[in-house]
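> Quick one: this structure, given as structure tokens, is what I'll be asking you about.
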Amino acid sequence: DGGITQSPKYLFRKEGQNVTLSCEQNLNHDAMYWYRQDPGQGLRLIYYSQIVNDFQKGDIAEGYSVSREKKESFPLTVTSAQKNPTAFYLCASILKGGNEQFFGPGTRLTVL
Amino acid sequence: ELKVEQNPLFLSMQEGKNYTIYCNYSTTSDRLYWYRQDPGKSLESLFVLLSNGAVKQEGRLMASLDTKARLSTLHITAAVHDLSATYFCAPSLGGGGKLIFGQGTELSVKP
């Protein structure tokens, strides 16, 4: 089955730790995106990548980093510089020239 | 900067009634998405509207797009409890697929 997978589903982090969220897709999509959702809010764009080895900051990139070494993978690292990282993180992808942007199941990050 | 406003933010309906959710956005966009989100879940794609005057229907939901007015609507016909969820509109900024989300409309359909 084609789709987007995110892991882990739940993640707990101590203050001061870096953590990495995984996003993998086997849809052969070109572009991938990371969004953050806070309770009762819409999604905000963190980073996106339209091709391998290239990515751009979104609206709230501070305290986050990404890499795009393979077409199917777009991991997100939440660094200790992110002041309030507790949120629901969603990864999405779209085929170049395609119309539909598909979302993964999400990772819920909690800082203890 | 593209801003998106949805209204209402909360909507409580009785089963069998009709209602419309509005999505206004501030600058030109080449396409607009509607998504559904159930509590604690990811987003499910409902509609992609690609051009002015586009209208799409799926079951009890119908979405339309007026690019000149920068307005999209999601109309609910004869609501049923299963439609209870949060609905987001998201116009696309530029050609790169960057979506700017509204705040969401939390819909509750009561018997």
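If you read the protein sequences in the order shown, they are chains V and C.
Residue numbering for the first sequence follows the working numbering, beginning at 14 and increasing consecutively.
Residue numbering for the second sequence follows the working numbering, beginning at 2 and increasing consecutively.
Cβ atoms here follow ideal geometry from the backbone N, Cα and C, with glycine treated the same way.
1. Extract the residue ranges of the beta strand (DSSP E) inside the region 44-101 of chain C, only unbroken runs of 3 or more that lie entirely within it.
2. Out of curiosity, what's the CA-to-CA distance linking Gly95/C and Asp67/C?
3. If contacts are defined as beta-carbon pairs under 8 Å, then Ser52/C and Ala64/C qualify, I think. What distance do you get, rounded to the angstrom?
4. Could you pull the start and end residues of the beta strand (DSSP E) that Thr21/C belongs to?
5. By the DSSP assignment, the beta strand (DSSP E) with Lys22/V in it spans what residues?
6. Looking at Lys99/C and Tyr61/V, is the spacing between their C-beta atoms short of 8 Å?
7. Is it true that the region 31-51 of chain V meets the region 8-27 of chain C, where meeting means three or more beta-carbon pairs spaced less than 8 Å apart?
8. Can you round the beta-carbon distance between Val49/C and Asn41/V to whole angstroms, since I take them to be within the 8 Å contact cut?
9. Just tell me which of Lys57/C, Ser30/C, Glu59/C and Ile77/C has its CA closest to the CA of Lys69/C.
10. Secondary structure at Val129/V, three-state DSSP: helix, strand or coil?
11. Please report the straight-line C-alpha distance between Phe68/V and Ser80/V, rounded to a whole angstrom.
12. Cα separation between Leu58/V and Ala105/V?
13. For a cutoff of 8 Å on Cβ pairs, would you count Gln104/C as touching chain V?
14. So does Asp43/V have its beta carbon nearer than 7 Å to some heavy atom of the ligand HEM?
15. Residues of chain V with CB under 8 Å from Phe1/C, in chain order?
16. Beta-carbon of Ala44/V versus every beta-carbon of chain C: anything under 8 Å?
17. Rounded to a whole number of angstroms, what is the C-alpha to C-alpha distance between Gly110/V and Ser93/C?
Answer, in terms of the structure:
1. Counting only runs that start and end inside the region 44-101 of chain C, the beta strand (DSSP E) elements of at least 3 residues fall at 44-50, 56-59, 62-67, 72-77 and 86-94.
2. For the purposes of this step, residue 95/C is identified with residue 94 of the second sequence, where counting begins at 1. For the purposes of this step, residue 67/C is identified with residue 66 of the second sequence, where counting begins at 1. Cα-Cα distance, rounded: 18 Å.
3. In the second sequence, residue 52/C corresponds to position 51, counting from 1. In the second sequence, residue 64/C corresponds to position 63, counting from 1. In fact, because the Cβ distance is near 13 Å, the residues do not count as touching under 8 Å.
4. Taking the second sequence and counting its residues from 1, the one referred to as residue 21/C is at position 20. Here the beta strand (DSSP E) through Thr21/C covers Tyr20 to Tyr26.
5. Position 9 of the first sequence holds residue 22/V. Counting along the chain, Lys22/V falls outside any beta strand (DSSP E), and DSSP gives it neither H nor E.
6. For the purposes of this step, residue 61/V is identified with residue 48 of the first sequence, where counting begins at 1. For the purposes of this step, residue 99/C is identified with residue 98 of the second sequence, where counting begins at 1. Pairing Tyr61/V with Lys99/C gives a Cβ-Cβ distance under 8 Å.
7. Contact fails between the region 31-51 of chain V and the region 8-27 of chain C, because fewer than three Cβ pairs, one in each stretch, are under 8 Å apart.
8. Here the question's residue 49/C lines up with position 48 in the second sequence. Here the question's residue 41/V lines up with position 28 in the first sequence. Not a contact, Cβ separation roughly 19 Å.
9. Residue 69/C sits at position 68 when you count from the first residue of the second sequence. For Lys69/C, the nearest C-alpha among the options comes from Ser30/C.
10. Here chain V has residues from 14 to 125 only, and residue 129/V is not among them.
11. Walking along the first sequence from the start, residue 68/V turns up at place 55. Walking along the first sequence from the start, residue 80/V turns up at place 67. Their Cα atoms are separated by approximately 8 Å.
12. In the first sequence, residue 58/V corresponds to position 45, counting from 1. In the first sequence, residue 105/V corresponds to position 92, counting from 1. Cα-Cα distance, rounded: 10 Å.
13. As a working mapping, residue 104/C is identified with position 103 in the second sequence. With its beta carbon less than 8 Å from one in chain V, Gln104/C belongs to the interface.
14. The ligand HEM is not part of this structure, which contains no ligands at all.
15. There is no way to answer for residue 1/C, as the model of chain C reaches only from 2 to 112.
16. Residue 44/V sits at position 31 when you count from the first residue of the first sequence. Output row for Ala44/V: interface = yes.
17. One-based indexing of the first sequence puts residue 110/V at position 97. One-based indexing of the second sequence puts residue 93/C at position 92. Each residue's alpha carbon lies about 13 Å from the other.
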